[in-house]
Structures are given as C-alpha cells and as structure tokens.
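Residue numbers (the working numbering): 2 to 209. C-beta: ideal position from N, C-alpha, C; glycine also. Contents: one structure, followed by commentary.
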C-alpha cells in the first residue's frame with residue numbers, strides 16, 4: 002500500500018474507532034471513511050482487530066512524541082522551578098484539536114476493554130502511557146540530581162505531577178482559571194518533593 006493511502010486509512014480508522022468504539026465499528030464503515038475497499042483492510046491488516054492495533058499504536062506513538070517534546074522543552078532545563086512546573090502543567094493540559102481523536106479513542110478503549118485483545122491493550126500502554134511516564138520520571142530524576150527535588154520514586158512522582166497539574170485543570174469547574182488551579186497543584190507537589198518542603202509525606206497515588 003502506498004504511504005499516503007496507508008496514512009489515510011489509519012487516520013480514517015482512528016476517527017471511526019474514536020466515534021463508534023471498537024465493537025460497533027464495522028469494516029465497511031472503516032473502509033468508507035478512509036476511501037479504500039474493505040478488501041484493502043483485510044489484505045493489509047487481516048481483520049478489524051489487526052487494523053485497530055495498528056491504529057492505536059500509530060496514534061499513541063504520535064501523541065507520546067508530542068508529550069515527550071513538551072517535557073523535554075520545559076523540564077529539560079530549569080530556570081525557575083515553580084514557574085517552569087506551572088508552565089509544564091499549562092502546556093500538558095492544553096487541548097490540541099489534532100490529538101482529540103486519540104483521547105476519544107482512549108475513552109472508548111476503557112468502555113470496550115472486554116472486547117479488545119489484551120495484547121493490544123498491553124502494547125498500547127507500553128508505547129503510550131508507560132513510555133511517557135518513563136520520560137517524565139527521567140526528567141524528575143535529573144532535577145533531583147541537580148538538587149531541585151528529593152525523590153524516592155521518580156515514576157510515582159511523575160504521576161503526581163501530572164495529576165496535580167493537568168489532572169486538576171481537567172477537573173476544574175467551568176470558568177475556573179486553569180493557571181490558578183495548576184499553580185495550586187504545583188504548590189502541593191513542591192511541598193511534597195522540594196528539598197526542605199513543609200511536608201515530607203508523599204501523596205498516596207491511590208485511585209478511587
């Protein structure tokens with residue numbers, strides 16, 4: 002398959018899976034959205050499951066690259082720790098129309114988990130969330146080595162940073178100022194992880 006046709010197929014299938022979910026998406030609709038024949042899908046991906054795996058891995062790779070790029074830019078060299086962490090949170094929380102289909106697909110995965118090959122789910126997590134978490138943990142480990150932070154578990158600290166900044170912004174009330182919310186989250190993070198912070202206890206990281 003020519004590269005441009007493959008790109009059109011993956012992008013079209015992403016839109017369909019993001020809208021309809023894995024179970025409800027049909028080969029005919031997937032083919033029509035991409036402007037290819039259903040036979041093309043079978044020839045190159047075997048079946049719907051094969052196409053879905055290709056779509057989620059391709060999309061995860063692209064989104065992970067974007068997120069890691071944000072982390073590299075804002076956490077790779079620190080001038081003012083608090084200000085840079087606030088800016089990181091703002092950039093991480095910013096909605097990008099180009100990645101919205103990916104996040105819609107992720108929500109569909111959660112709803113359709115029983116119908117998706119567990120190996121595909123594991124591969125998606127490794128290529129997407131786990132890869133990004135490792136990159137963030139690496140930057141936080143570097144900040145700790147420079148004396149900016151005190152960390153026992155950089156990977157868990159990476160989760161806390163995202164939850165307290167972008168996660169707090171996502172949960173904000175309509176009209177609530179994101180910068181204020183994120184600045185507050187950074188304050189909590191630094192109280193836990195900055196050298197000599199007022200609280201040496203760590204957030205539990207438990208999910209409700």
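Separation of residue j from residue i, as counted between CA atoms
i	j	result
residue 65	residue 132	7 Å
residue 57	residue 77	28 Å
residue 173	residue 86	18 Å
residue 130	residue 122	11 Å
residue 153	residue 84	23 Å
residue 140	residue 104	24 Å
residue 157	residue 128	18 Å
residue 15	residue 106	7 Å
residue 113	residue 82	40 Å
residue 33	residue 189	49 Å
residue 13	residue 80	42 Å
residue 143	residue 119	34 Å
C-beta contact flag for residue i and residue j at 8 Å
i	j	result
residue 61	residue 125	yes
residue 75	residue 179	no
residue 196	residue 148	yes
residue 31	residue 52	yes
residue 192	residue 159	no
residue 49	residue 26	yes
Residues near residue i in its chain [Cβ-Cβ closer than 7 Å; skip 5 each side]
i	result
residue 9	35, 36
residue 29	39
residue 186	90, 165, 166, 169
residue 151	145, 194, 196
residue 201	With a pLDDT of 40 at residue 201, under the threshold of 50, the modelled position of this residue cannot be trusted, and the question is left open.
residue 182	169, 170, 173
Status (buried if at least 16 other CB within 10 Å, exposed otherwise) for residue i
i	result
residue 169	buried
residue 88	buried
residue 155	buried
residue 176	exposed
residue 116	exposed
residue 19	buried
Beta-carbon contacts of residue i that lie in its chain and below 8 Å, excluding the five residues immediately before and after
i	result
residue 93	68, 71, 163, 166, 167
residue 22	109, 112, 113
Residues near residue i in its chain [Cβ-Cβ closer than 6 Å; skip 5 each side]
i	result
residue 110	none
residue 59	11
residue 54	121
residue 137	72, 159
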